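Novice: Just passing along the structure, written as structure tokens.
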Amino acid sequence: MATPAHRELARRLPVLAARAEVLAGIRSFFRERGFLEAETPARVVCPGLEPHLVALPAGADRWLITSPELHLKRLVAAGAPRVFELARCWRGDERGAQHLTEFTMLEWYRAHAGLDALVDDCAALLPAAARAAGRDPAAVPGCDLTLAPERLTVREAFERWAGIDLAACRGRDALAAAARRLEIPTADDDSWDEVFFRIFLARVEPHLGRDRMTFLSEFPASQAALARVRDDAAWPVALRFELYAAGVELANAFDELTDPEEQRRRHQADRAARRAAGREVPELDEEFLAALEAGFPPCAGIALGVDRLVALVLGLDGARATVAFPGEV
Amino acid sequence: MLETSDLRKGAKLEIEGEPFIVVESQFVKPGKGNAFVRCRIRSMTTGRTIERTWKSGETIDPCVLEERPMQFMYHEGGAYHFMDTGNFEQIELTDDQLGETGQWLTENLEVRILLHNGRAISVDPPNFVELDIVEGEPAVKGDTKTNAMKQVVLSTGAKVMVPMFVGNDERIRIDTRTGEYVERVKK
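If you read the protein sequences in the order shown, they are chains A and B.
Residues in the first sequence are numbered from 11 upward in steps of one, following the numbering used here.
Residues in the second sequence are numbered from 135 upward in steps of one, following the numbering used here.
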């Protein structure tokens, strides 16, 4: 006897078939461009240290990866000029229509390349993913993937959608006052970044990737993670971009930090921030730092949420609708 | 206190003394930032819908509502008047606040009133009420098979659709949740 759960799963099969086509399309896309497909460990000593990510424990002194970044960079350091991975990643405490605790990430790295090369990759990959799923890239709901993408800096986006010049609001109180003028409530213990995100979520993000892809670049230096920073005195920015389509953030790209000293400093700062926030504090990945010290080429890298990409090209309501067992991840 | 994880659809909260209900909520987490919950919330007093975003870890005032059984007394000057039959306390709600609910109220009807800080914000009539037809086409005898309907006017002014065989001097039972005819009842 078919139970309701069986029938529900049976109804999902066409979605899973289309999803499998997208995955196959992604692999062909990168193979055709001379990328090495990598498989890196899922249980690691250092799962990534960004202060806002919750890593899940996986046995003594091991964690499930929140991203395959550190191991992929070791492959780049070893001389792989182009490398990609379709990696299962885990982020505790993240659950919603667009957030799965266990999700599929596509990461790729290009040695001796900058962010523009990754913009070009994305602009070609998204239509290819739609075609792989048997969909017309010009008819994807909410975003025509064949139109020339919009390119915008964070500062321009805040100016345009919120009427705020971020360079003139570099103090926390100045930015909070600007938020209040827009009737966006703030909390007394908000940091500058938290006020920034309140404004971003209320006024800026809803406009991104509407009708066409948006590449949003030059984030505040405080949100650099492992990206290089351009130390402009008036407005220092992290050299990274985020890709938006149909109002949803799909990918996060970095002009990668290559300086081992600076890398170690940022990792230690992230560990201190995690300790202060009462989060788990994994060890440093000394193998990764040693690889950087041995010599790391200039490099650009990007992480793209595959579940969200599948949802976009199939016109489904969020990443969760694209997996076989949405109630269990 | 409510936490951001409690902000699911249907949750009730209070902002600066105004009661709201969550219409839609979404977990969001910007690329390099902390988690937020973005909600659309509707004021339970004015009906206006707004967007609000809370940072994960923030606390939100819960909304405490009190439900009291009351009796409908009369409608006058754009307001409906009710009385608590226990302590004889009287309250009134405007036509706007009642909306469609007003058309089911007859004198002495028992209703449940939702109060927020002593102020009435909504009225729940019984699920079924019985009302007299005062206007409509006469009954079409024997027509109990077809699905044809006709409109009649009830003693409260409400207009409902009834089957053709219902006479224009009968009393009928209405489901107030859907506004639909249920059956004929004896006067």
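Note that CB positions come from ideal geometry on N, CA and C, so glycine has one too.
Quick caveat: nothing in here was measured; it's all calculated off a predicted structure.
Can you confirm whether residue 161 of chain B, when its beta carbon is compared against all beta carbons of chain A, has any partner nearer than 8 Å?
Specialist: Closer than 8 Å: yes.
Novice: Smallest Cα separation from residue 323 of chain A: which of A:272, A:245, A:151, A:91?
Specialist: Checked all of A:272, A:245, A:151, A:91; the closest Cα to residue 323 of chain A is A:151.
Novice: Using the Cα positions of residue 151 of chain B and residue 306 of chain B, report the straight-line distance between them to the nearest angstrom.
Specialist: Near 42 Å, if we compare the C-alpha coordinates of residue 306 of chain B and residue 151 of chain B.
Novice: What does residue 172 of chain B touch in chain A if you count any residue whose Cβ is under 7 Å from its own?
Specialist: Correct list: 211.
Novice: Determine the direct distance from the alpha carbon of residue 328 of chain A to that of residue 317 of chain A, and round the result to whole angstroms.
Specialist: Residue 317 of chain A and residue 328 of chain A: Cα-Cα distance of roughly 8 Å.
Novice: What whole-angstrom Cβ distance do residue 305 of chain A and residue 87 of chain A have, given they're in contact under 8 Å?
Specialist: Correct: roughly 7 Å between the Cβ atoms.
Novice: Tell me the rounded alpha-carbon separation between residue 284 of chain B and residue 264 of chain B.
Specialist: Answer to the nearest angstrom: the Cα atoms are 18 Å apart.
Novice: What does a CB cutoff of less than 6 Å around residue 40 of chain A pick up in its chain, not counting 5 residues either side in sequence?
Specialist: Answer for residue 40 of chain A: 94, listed in chain order.
Novice: In three-state terms, what does DSSP make of residue 292 of chain A?
Specialist: Correct three-state label for residue 292 of chain A: coil.
Novice: According to DSSP, what are the bridge partners of residue 6 of chain A?
Specialist: Lying before the first or after the last residue shown, residue 6 of chain A is absent from chain A, which here runs from 11 to 339.
Novice: Give me the Cα-Cα distance between residue 261 of chain B and residue 234 of chain B, rounded to the nearest whole angstrom.
Specialist: The straight-line gap from Cα to Cα measures roughly 14 Å.
Novice: So is residue 106 of chain A in contact with chain B if we call contact Cβ pairs under 8 Å?
Specialist: Closer than 8 Å: yes.
Novice: For my contact list, residue 32 of chain A and residue 123 of chain A are in at a C-beta cut-off of 8 Å; report their separation, rounded to the angstrom.
Specialist: In fact, because the Cβ distance is near 24 Å, the residues do not count as touching under 8 Å.
Novice: Note down, in chain order, every chain B residue with its Cβ under 7 Å from the Cβ of residue 16 of chain A.
Specialist: Those do not exist, as residue 16 of chain A stays about 28 Å from chain B at its closest Cβ, beyond 7 Å.
Novice: Compute the beta-carbon to beta-carbon distance between residue 171 of chain B and residue 193 of chain B, rounded to the nearest angstrom, for a pair I have assumed lies under 8 Å.
Specialist: That belief does not hold up - the Cβ atoms of residue 171 of chain B and residue 193 of chain B are roughly 12 Å apart, past 8 Å.
Novice: Please report the Cβ distance between residue 261 of chain A and residue 314 of chain A, rounded to the nearest whole angstrom; I am assuming they are in contact, meaning their Cβ atoms lie under 8 Å.
Specialist: About 4 Å; that satisfies the 8 Å criterion.
Novice: Should residue 162 of chain A and residue 224 of chain A be called a contact, given that it needs their Cβ atoms to be closer than 8 Å?
Specialist: Yes, the Cβ-Cβ distance between residue 162 of chain A and residue 224 of chain A is below 8 Å.
Novice: In chain order, what residues of the same chain lie with their CB nearer than 7 Å to the CB of residue 98 of chain A, ignoring the 5 residues before and after it?
Specialist: Excluding sequence neighbours, residue 98 of chain A sits near 52, 112, 114.
Novice: Report back the beta-carbon spacing between residue 135 of chain A and residue 102 of chain A to the nearest angstrom; my notes put them in contact at under 8 Å.
Specialist: The Cβ separation is near 29 Å, so there is no contact.
Novice: Mapping DSSP to helix, strand and coil, what is residue 281 of chain A?
Specialist: Residue 281 of chain A falls in the helix class under three-state DSSP.
Novice: I'd like to know if the segment 78 to 85 of chain A and the segment 169 to 185 of chain A are in contact, where contact means that at least 3 CB-CB pairs between them fall below 8 Å.
Specialist: The segment 78 to 85 of chain A, when compared against the segment 169 to 185 of chain A, does not touch it at the 8 Å Cβ threshold.
Novice: Assign residue 314 of chain B to one of three DSSP states: helix, strand, or coil.
Specialist: Residue 314 of chain B falls in the strand class under three-state DSSP.
Novice: Which residue's Cα is closest to the Cα of residue 116 of chain A: A:50, A:280, A:146?
Specialist: Cα-wise, what sits closest to residue 116 of chain A is A:50.
Novice: Extract the residue ranges of the alpha helix (DSSP H) inside the segment 105 to 162 of chain A, only unbroken runs of 4 or more that lie entirely within it.
Specialist: Segments of the alpha helix (DSSP H) lying fully in the segment 105 to 162 of chain A: 125 to 142.
Novice: Could you pull the DSSP bridge partners for residue 136 of chain B from this structure?
Specialist: The partner list for residue 136 of chain B (beta bridge, DSSP) reads B:194.
Novice: Using only CA atoms, which one of A:36, A:56, A:37, A:296 lies nearest to residue 290 of chain A?
Specialist: Minimum Cα distance to residue 290 of chain A is reached at A:56.
Novice: I need the straight-line Cα distance from residue 73 of chain A to residue 203 of chain B, nearest angstrom please.
Specialist: The alpha-carbon atoms of residue 73 of chain A and residue 203 of chain B are separated by roughly 56 Å.
Novice: Can you check whether the CB of residue 263 of chain A is closer than 8 Å to the CB of residue 310 of chain A?
Specialist: The answer is yes: Cβ separation under 8 Å.
Novice: What does the Cβ neighbour count give for residue 168 of chain A, buried or exposed, with the cut at 16 atoms within 10 Å?
Specialist: Classification of residue 168 of chain A: buried, given that the 10 Å Cβ count is 16 or more.
Novice: Please confirm if residue 166 of chain B has its CB atom under 8 Å from at least one CB of chain A.
Specialist: So, interface residue.
Novice: Please list, in chain order, the chain B residues whose beta carbon lies closer than 9 Å to that of residue 112 of chain A.
Specialist: Here the premise fails: no neighbours, minimum Cβ distance about 15 Å.
Novice: Taking 8 Å as the CB-CB limit, is residue 62 of chain A close to chain B?
Specialist: So, interface residue.
Novice: Measure from the alpha carbon of residue 293 of chain B to the alpha carbon of each residue in B:253, B:156, B:236, then state which is nearest.
Specialist: When only C-alpha atoms are compared, the closest one is B:236.
Novice: Count the other CB atoms within 10 Å of the CB of residue 280 of chain A; is the residue buried (16 or more) or exposed (fewer)?
Specialist: That one is buried.
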